[in-house]
Amino acid sequence: SGMKKNRYGNIEDIVLEATLVTGIGDVETRHATPRNSTGVAPRVWLFGNEGNFGIITKAVLKVHPIPEAREYGSLVFKSLEDGVRYLKQLRHEGAVPASIRLVNNTEFRFGQALKPAPTFLHGLIDRAKKLFLFKVKRFDPLKMAACTIVMEGTPREVATQRETIFSLASDFGGMSGGASNGRRGYTLTFGIAYIRDFFNQFHIMGETFETSVPWSKIHDVIGAVEKELAQQAQT
């Protein structure tokens, strides 16, 4: 899914028209009406075929105005399970922001390792935050998970999202991790491809996994994938 599909939709929602060049001719889609139910839309065949049906050479895209307001945020939870329950309830509340992503402990620690070296003052502040988080709130640094958040829209929309997102998080033991961590976590997503290419030089392969599962099967899928990866890494 797209980085901000919650607000702007996925690629199939954004592409209005397209031209597909095939070995036996061109296929052109036309966006005659906003929506219709007159049979199968050829446009849906264009996405995900990875060039097997043809090559898209032209497209008309839907654009949106630049949002009046944009805010970043982050949350930390004591476990991935708490974070999943929170996201499920947030979806139920209908206050999902433009982007919200939950990362497990491994991904969280990896992101922390890529942070730039802090100044002396910021280093003191970071140590104080960690002391509060680990000693007072009893977060386990080897189990905690985190959410990165991007809120966009009118100032009123963003304010409403912020209130719901952070007040609901407290019901699941979540705490704010600050706007700067939210911005850093969001932009890190764009850097994953470069990190992958860097490790390729040392014959280390890495790639992302994408799937869709019911809420009730999330932990089963994660556990199965992690188990399989561990076994494959040993062979």
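First residue of the sequence shown: 90, per the working numbering; consecutive thereafter.
Cβ coordinates follow ideal geometry from the N, Cα and C atoms, glycine included.
All values reported here derive from a predicted model rather than from experimental measurement.
Please report the Cβ distance between residue i and residue j, rounded to the nearest whole angstrom; I am assuming they are in contact, meaning their Cβ atoms lie under 8 Å.
i, j, result
"E182", "L257", "6 Å"
"I281", "C236", "The Cβ separation is near 17 Å, so there is no contact."
"T118", "R132", "4 Å"
"A234", "N270", "Between N270 and A234 the Cβ distance is about 13 Å, and since that is not below 8 Å, they are no contact."
"A63", "T243", "What the structure shows of the chain is the stretch from 90 to 324, and residue 63 is not part of that stretch, so it cannot be assessed."
"V302", "V314", "Not confirmed; about 11 Å, so no contact."
"G274", "K167", "That belief does not hold up - the Cβ atoms of G274 and K167 are roughly 18 Å apart, past 8 Å."
"E296", "R285", "7 Å"
"I100", "F136", "6 Å"
"P156", "E241", "4 Å"
State the Cα-Cα distance for the pair residue i and residue j, rounded to the nearest angstrom.
i, j, result
"A107", "I238", "32 Å"
"K177", "D171", "10 Å"
"K93", "P186", "8 Å"
"P205", "L169", "25 Å"
"F291", "Q320", "21 Å"
"F228", "L220", "10 Å"
"S102", "E196", "Note on identity: in this sequence residue 102 is Asp, with Ser being the wrong assignment. Their backbone Cα atoms lie some 30 Å apart in a straight line."
"D260", "G140", "46 Å"
"A217", "R174", "29 Å"
"A184", "Q323", "43 Å"
"G98", "H308", "26 Å"
"I214", "E246", "31 Å"
"K224", "K232", "14 Å"
"L150", "T249", "29 Å"
"G312", "D115", "45 Å"
"R198", "F255", "22 Å"
"G200", "V192", "10 Å"
"K306", "F288", "32 Å"
"P35", "R272", "In the structure as shown, the chain starts at 90 and stops at 324, and residue 35 therefore has no counterpart that could be examined."
Considering residue i, what are the terminal residues of the beta strand (DSSP E) in which it resides?
i, result
"E182", "Unbroken run through E182 is the alpha helix (DSSP H), L169 to E182; no beta strand (DSSP E)."
"V192", "S188 to V192"
When DSSP builds the beta bridges, which residues end up paired with residue i?
i, result
"F166", "A234"
"A107", "A148"
"D115", "V110"
"Y97", "Bridge partners of Y97: none, in fact."
"R159", "E241"
"M264", "V165"
First and last residue of the alpha helix (DSSP H) that includes residue i?
i, result
"G280", "A268 to N289"
"D40", "In the structure displayed, the chain extends from 90 to 324; residue 40 sits before or after that span and is not available."
"H308", "I307 to Q323"
Does any C-beta atom of chain C lie closer than 8 Å to the C-beta of residue i?
i, result
"A319", "Among the protein chains of the structure shown there is no chain C, as only one such chain exists."
**OP:** Taking 8 Å as the threshold, find out whether the stretch 96 to 110 comes into contact with the stretch 146 to 153 through three or more Cβ pairs.
**Re:** These segments touch.
**OP:** Specify whether the stretch 149 to 166 and the stretch 265 to 272 touch according to this definition: at least 3 beta carbon pairs, one from each stretch, less than 8 Å apart.
**Re:** Yes, the stretch 149 to 166 is in contact with the stretch 265 to 272.
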